[in-house]
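Colleague: Dropping a structure here in structure tokens format, bear with me for questions.
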Amino acid sequence: MLDIIIDTTIRAGTPILYATIGAIIMEKSGIINLGIEGLMLIGALSGFYFTFITNSLLIGFLAAILLSAAAGSIHGILTTYLKANQIVSGLALTMFGTGITAMLGKSMVGENIRGLERINTVKDIPFLSPVLNQDIMVYISILLLLLIHFFLYRTTIGLNLRTVGENPYAADNAGINVHLYRLFAVVIGSGIVGLGGAYLSLVYTPLWIENMSAGRGWIAVALVIFSNWDVRKALIGSYLFGGIAANQLRLQAMGTNIPVQILQSLPYLFTILVLIISSLKNDSTKQNQPESLGNPYDREDRV
Amino acid sequence: MEKILELKEISKKFGNFQANKNISFDLYKGEILTILGENGAGKSTLMNIITGFYRSDDGEIYVNGKKVTLTSPKDAIKHGIGMVHQHFMLVKNLTVFENLLVALKDKRFIINKNRYANIFLNIFKKFNLNIDLDLPLWKLSIGEQQWIEIIKLLINDCQILILDEPTTLLTPQETEFLFKFLFELKKEGKSIIFISHKIKEVMEVSDRIVILKKGEVVSILNKEDFNENRISHLMVGTVLKNKYDKDVKPSDDLLLEISNLYAKNDKGLADLQDFNLVVRKSEILGIAGISGNGQKALAEVLTGLKDPYKGKISLNGIDITYGTARQKYIHGIAHIPEDRKAMGIAPDLTVEENLILKNFKDKELGGILLNRKNINRYANDLVEKFNIQYGVKNAPVRLLSGGNIQKVIIARELSENPTILVALYPTRGLDIGSQEFIHQTIIEHQKKGMSTIYISEDLDELFKISDRIAVIFRGKNMGYFEPDNVDKKTIGKMMGGIIKDD
Chain U
0 MLDIIIDTTI
10 RAGTPILYAT
20 IGAIIMEKSG
30 IINLGIEGLM
40 LIGALSGFYF
50 TFITNSLLIG
60 FLAAILLSAA
70 AGSIHGILTT
80 YLKANQIVSG
90 LALTMFGTGI
100 TAMLGKSMVG
110 ENIRGLERIN
120 TVKDIPFLSP
130 VLNQDIMVYI
140 SILLLLLIHF
150 FLYRTTIGLN
160 LRTVGENPYA
170 ADNAGINVHL
180 YRLFAVVIGS
190 GIVGLGGAYL
200 SLVYTPLWIE
210 NMSAGRGWIA
220 VALVIFSNWD
230 VRKALIGSYL
240 FGGIAANQLR
250 LQAMGTNIPV
260 QILQSLPYLF
270 TILVLIISSL
280 KNDSTKQNQP
290 ESLGNPYDRE
300 DRV
Chain W
0 MEKILELKEI
10 SKKFGNFQAN
20 KNISFDLYKG
30 EILTILGENG
40 AGKSTLMNII
50 TGFYRSDDGE
60 IYVNGKKVTL
70 TSPKDAIKHG
80 IGMVHQHFML
90 VKNLTVFENL
100 LVALKDKRFI
110 INKNRYANIF
120 LNIFKKFNLN
130 IDLDLPLWKL
140 SIGEQQWIEI
150 IKLLINDCQI
160 LILDEPTTLL
170 TPQETEFLFK
180 FLFELKKEGK
190 SIIFISHKIK
200 EVMEVSDRIV
210 ILKKGEVVSI
220 LNKEDFNENR
230 ISHLMVGTVL
240 KNKYDKDVKP
250 SDDLLLEISN
260 LYAKNDKGLA
270 DLQDFNLVVR
280 KSEILGIAGI
290 SGNGQKALAE
300 VLTGLKDPYK
310 GKISLNGIDI
320 TYGTARQKYI
330 HGIAHIPEDR
340 KAMGIAPDLT
350 VEENLILKNF
360 KDKELGGILL
370 NRKNINRYAN
380 DLVEKFNIQY
390 GVKNAPVRLL
400 SGGNIQKVII
410 ARELSENPTI
420 LVALYPTRGL
430 DIGSQEFIHQ
440 TIIEHQKKGM
450 STIYISEDLD
460 ELFKISDRIA
470 VIFRGKNMGY
480 FEPDNVDKKT
490 IGKMMGGIIK
500 DD
């Protein structure tokens, strides 16, 4: 029983983890992206579509990265070089993603592909088998998380990126190209969010359903705050959230007395709770929010 | 001597405003050259052009005899030009180490901490600085932060160092230390451009002075021609006074009494600690101190923007420790906030609307619906009385100049004759004309019986206007002085936490 819970938790948490990591990279550069939901859908559909026509999961995943990165670059260019409002542009991206995937995905509804399979390393060892018998994308997500943490805190490009998010004037003064860095962060981040979407349509439920991300993108936006902009804490947040979302289904199936509506709303109640808790500790010195998050950069606009 | 930097006919316009006009001068190797001018004379614009932040409309720049085009700060650093900006270009949430590393020109992809830490520590040692590389930057004092800014230039081997108003935030002791250091750098053959509006200190450090006025060079003086009155005349057109002659004396009656007050800041650290203060009726009490020592908390607690967690404030014997901003205003406490654009005004509302923001009781101006006619009449009176200059009617107040915005705030705050005014850095960033106007207005109201708590970091200003000066350090009142019986050095020491030695 516990093994099953661990297993569903990891599988449900992984797409959210990808989305959260992607969002953190963007926000570290100072760009808020409320288009995560839309990007996940674009990743999910393009992953499914290219796997369907080429029969190759690898091509599917690559297409998901490329197409969502391309969609994300719209947000990137708008909010950097064109100094657009980040909130409006992000919301537009979500609406765009939801709409275009619903339209272009019509022919894919009801089609089937062979989803990504698990690796079978060990047999029936409690605790270990649900952890070690996952598919490769689960392990890649954790590897990616470590890589990104290393990149942000142990490389000069990562340091530059954090500086851009904290104080773009200081960054510019040090000869760092602020707009380019932000665009780069948004494009890379969007690609990773797209992978999260593709995980849904190629691994979790190998199908295309309209609006299949079902709010996971929004949850990722909230988890960025929960994890205090730290990719390592994003792992905890994603699994916690994924666990609640997936296991409430299991509870429903087992037939408890708790009304279904309450069970279904658990993940969202949890999101609200998370936001309340993380804003309560807002005044602590450990606040990690990039200082210039959400502010467009204009060199000649200094006060 | 060799010329290291030559400026030829530099001009820059912002819209219709001519910020710099045909500016030409040379900088020699190993000299300290000061650019002196009022706020708004075009000093900062010029420096931003030299460091590649702005592009000039016209003119040429030569470094070491070669013509250069500077399109970004990166270009400037490449040519050995670096600047310490008035608003530091530092990242609060990064460590000292990371702040220095960001600025370092050549570095590898993967950070080898020991290697770079050694480079930085060597420079620290050379100048006898003791700063922990792993501290987050916000924990450093302003003086220390400035050191980090200067060291950022040294690690990149800059030959031309530009310091924009570096002494504004320093105690007199820290300033002295800075000057010693500048002489040291000069000996090493570095050239320094020093920007300031404080004539005395400029005469102390500079080899030559370039005086700017309204965007143009009015004069270039050599060391032997330095003369305070002459410089002051060239810079502002008048000789500046050291003290106002006031024909009003504070009374002996107590007005405001703060006892054992404690307040915390947003980070949960103490802002005010066992703070005591007494203000008499019709007194201008100056509060000296380096910003960040609790001044803001003091103003906010007094005006009801923040609650203290211990202690007592009484006004005319009435306990007003707790209360909203509205209640305290009605009690007669007016406020000139620190950040005039963010806190003093509603930037997108008109001048008229901003002037009536605090008229809570006045039914003439409107109850539920606004009475536009009365509002305009009321506002026009204030506009005339305070000489507020604004172009188009109904234009948002944010389009006004800093001095006029400040006049709008003062007009509003003083319109209902408060008993006490809490002024937090009221003249920061204003030109001398507007500064004088604000001082005179406060003195005029002093005659009518108003008291003022005048918080400033500029000792010259405090000596000019205050009846008494209290020094604040780490949230504590270090003691009172009468400006006539004390020198700036003593106050400077206390601003740095050293208690009166008698």
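Going line by line, the protein sequences match chains U and W.
Residues in the first sequence are numbered consecutively from 0, following numbering that gives the first Met the number 0.
Residues in the second sequence are numbered consecutively from 0, following numbering that gives the first Met the number 0.
Glycine included, each C-beta is placed from N, C-alpha and C at the ideal position.
(1) Suppose contacts are defined by Cβ-Cβ distances below 8 Å. Is K44/W in contact with N15/W by that definition?
(2) Beta strand (DSSP E) containing F274/W: first to last residue?
(3) Give me whichever residues DSSP pairs with E503/W in a beta bridge.
(4) Using 8 Å as the threshold, is the region 449-457 of chain W in touch with the region 418-438 of chain W, meaning 3 or more CB pairs across them?
(5) Can you have a look at D133/W and say buried or exposed, based on whether 16 or more other CB atoms are within 10 angstroms of its CB?
(6) Can you find at least 3 beta carbon pairs, one from the region 211-222 of chain W and one from the region 28-37 of chain W, that sit closer than 8 Å?
(7) Looking only at its chain, what residues have a beta carbon closer than 6 Å to the beta carbon of G12/U, apart from the 5 residues adjacent to it on each side?
(8) What does a CB cutoff of less than 6 Å around A378/W pick up in its chain, not counting 5 residues either side in sequence?
(9) Using the beta-carbon count (16 or more within 10 Å), is K151/W buried or exposed?
(10) Under 8 Å by Cβ, that's how I've got F119/W and F96/W pegged, so tell me the actual separation to the nearest angstrom.
(11) According to the Cβ coordinates, are D25/W and K2/W closer than 8 Å?
(12) Are the region 162-177 of chain W and the region 120-132 of chain W in contact at 8 Å, needing three or more beta carbon pairs?
(13) For T13/U, which three-state DSSP category applies?
(14) Under the three-state reduction of DSSP, which class applies to L169/W: helix, strand or coil?
(15) Quick one: Cα of L268/U to Cα of I243/U, how far?
(16) How many angstroms separate the CA atom of V235/W from the CA atom of I194/W?
(17) Is P135/W helix, strand or coil when you go by DSSP?
(18) Within 10 angstroms of its Cβ, does M102/U collect 16 or more other Cβ (buried), or is it exposed?
(19) With a 10 Å radius around its C-beta and 16 neighbouring C-beta atoms as the bar for buried, classify T120/U as buried or exposed.
(20) Return yes when the Cβ of A68/U is within less than 8 Å of the Cβ of A190/U, no when it is not.
(21) Considering only the beta carbon of each residue, do S354/U and L66/U sit closer than 8 Å?
(22) At the 8 Å Cβ level, is S455/W part of the contact set with chain U, yes or no?
(23) Any chance the CB of R279/W is under 7 Å from a heavy atom of the ligand MN?
(24) Can you look up P482/W in the DSSP assignment and give me helix, strand or coil?
(25) In the structure shown, what three-state DSSP assignment does S106/U receive?
(26) Strictly by DSSP, which residues pair up with M82/W?
(27) Under a CB-based cut-off of 8 Å, is N227/U close to chain W?
(28) Between T78/U and chain W, is any beta-carbon pair separated by less than 8 Å?
(29) Could you check where the alpha helix (DSSP H) with L488/W kicks off and where it finishes?
(30) Please compile the residues from chain U whose C-beta is within a distance smaller than 8 Å of the C-beta of S71/W.
(31) Provide the residue span of the alpha helix (DSSP H) that contains S71/W, from first to last.
(32) Check S212/U in the structure and name its three-state DSSP category.
(33) Would you call the region 122-134 of chain U and the region 51-65 of chain W in contact, with 3 or more CB pairs under 8 Å?
(34) Starting from the Cα of F52/W, find the closest Cα among G81/W, Y61/W, E299/W, K280/W and give me that residue.
(35) Look at G42/U and F49/U and say whether their C-beta atoms are less than 8 Å apart.
(36) How far does the beta strand (DSSP E) with F24/W in it reach, from first residue to last?
Modeller: A quick look at the data gives this:
(1) Start at 1 with the first residue of the second sequence, and residue 44/W comes out as number 45. Start at 1 with the first residue of the second sequence, and residue 15/W comes out as number 16. The sequence shown places Thr at residue 44/W, rather than the Lys named in the question. For T44/W and N15/W, no; Cβs fall outside 8 Å.
(2) Position 275 of the second sequence, counted from the start, is the residue given in the question as residue 274/W. Start and end: 269-279.
(3) Outside the displayed range of chain W (0 to 501) lies residue 503/W, so it cannot be described from this structure.
(4) Output reads yes: the region 418-438 of chain W touches the region 449-457 of chain W.
(5) Walking along the second sequence from the start, residue 133/W turns up at place 134. Exposed, by the Cβ-count rule.
(6) By the Cβ criterion, the region 211-222 of chain W is in contact with the region 28-37 of chain W, since at least three pairs of Cβ atoms, one from each stretch, lie closer than 8 Å.
(7) Walking along the first sequence from the start, residue 12/U turns up at place 13. Here the set comprises S237, Y238, G241.
(8) Here residue 378/W is taken as the residue at index 379 of the second sequence, counted from 1. So the qualifying residues of the chain are E351, L354.
(9) Here residue 151/W corresponds to residue number 152 of the second sequence, with the count starting at 1. Burial call: buried.
(10) Mapped onto the second sequence, residue 119/W falls at position 120. Mapped onto the second sequence, residue 96/W falls at position 97. Between F96/W and F119/W the Cβ distance is about 7 Å, and since that is below 8 Å, they are a contact.
(11) On the second sequence, position 26 is the one that residue 25/W refers to. On the second sequence, position 3 is the one that residue 2/W refers to. Their beta carbons are under 8 Å apart, which means D25/W touches K2/W by this criterion.
(12) No contact exists between the region 162-177 of chain W and the region 120-132 of chain W.
(13) Locating residue 13/U in the first sequence gives position 14, counting from the first residue. Looking at T13/U - three-state DSSP - the assignment turns out to be helix.
(14) In the second sequence, counting from the first residue as 1, residue 169/W sits at position 170. Three-state DSSP puts L169/W in coil, outside helix and strand.
(15) Mapped onto the first sequence, residue 268/U falls at position 269. Mapped onto the first sequence, residue 243/U falls at position 244. Across the structure, L268/U and I243/U are spaced so that their CA atoms are roughly 11 Å apart.
(16) Here the question's residue 235/W lines up with position 236 in the second sequence. Here the question's residue 194/W lines up with position 195 in the second sequence. The straight-line gap separating the alpha-carbon atoms of V235/W and I194/W is approximately 16 Å.
(17) In the second sequence, residue 135/W corresponds to position 136, counting from 1. Strand, per DSSP.
(18) Looking up residue 102/U in the first sequence gives position 103. By the beta-carbon neighbour count (other beta carbons within 10 angstroms, threshold 16), M102/U is exposed.
(19) Mapped onto the first sequence, residue 120/U falls at position 121. With fewer than 16 other Cβ atoms within 10 Å, it is exposed.
(20) Locating residue 190/U in the first sequence gives position 191, counting from the first residue. Locating residue 68/U in the first sequence gives position 69, counting from the first residue. According to the sequence displayed, residue 190/U carries Gly and not Ala. In this structure, A68/U lies closer than 8 Å to G190/U by Cβ.
(21) Outside the modelled stretch of chain U, which goes from 0 to 302, sits residue 354/U, for which no answer is possible.
(22) Reading the second sequence from its first residue, position 456 is the one you call residue 455/W. Not an interface residue.
(23) No copy of the ligand MN occurs in the structure displayed, which carries no ligand at all.
(24) For this step, residue 482/W is matched to residue 483 along the second sequence. Three-state result, P482/W: helix.
(25) By one-based count along the first sequence, residue 106/U stands at place 107. Helix.
(26) Position 83 of the second sequence, counting from 1, holds the residue named residue 82/W. Bridge partners of M82/W: I161/W.
(27) Position 228 of the first sequence holds residue 227/U. Answer no: the Cβ-Cβ gap between N227/U and chain W never drops below 8 Å.
(28) Taking the first sequence and counting its residues from 1, the one referred to as residue 78/U is at position 79. So, not an interface residue.
(29) As a first step, residue 488/W must be located in the second sequence, where it is residue number 489. The question names Leu, but residue 488/W in the sequence shown is Lys. Residues 487-494.
(30) Stepping through the second sequence from its first residue, residue 71/W is reached at position 72. Within chain U, the residues near S71/W are D171, G174.
(31) By one-based count along the second sequence, residue 71/W stands at place 72. For S71/W, no alpha helix (DSSP H) run applies, since DSSP gives it neither H nor E.
(32) Numbered from its first residue, the first sequence carries residue 212/U at position 213. Here DSSP, grouped into helix, strand and coil, assigns S212/U to coil.
(33) The region 122-134 of chain U is not in contact with the region 51-65 of chain W.
(34) By 1-based counting over the second sequence, the position of residue 52/W is 53. Per the Cα distances, G81/W.
(35) Stepping through the first sequence from its first residue, residue 42/U is reached at position 43. Stepping through the first sequence from its first residue, residue 49/U is reached at position 50. Not closer than 8 Å, so no.
(36) Against the second sequence, residue 24/W aligns to sequence position 25. First-last of the beta strand (DSSP E) with F24/W: 16-27.
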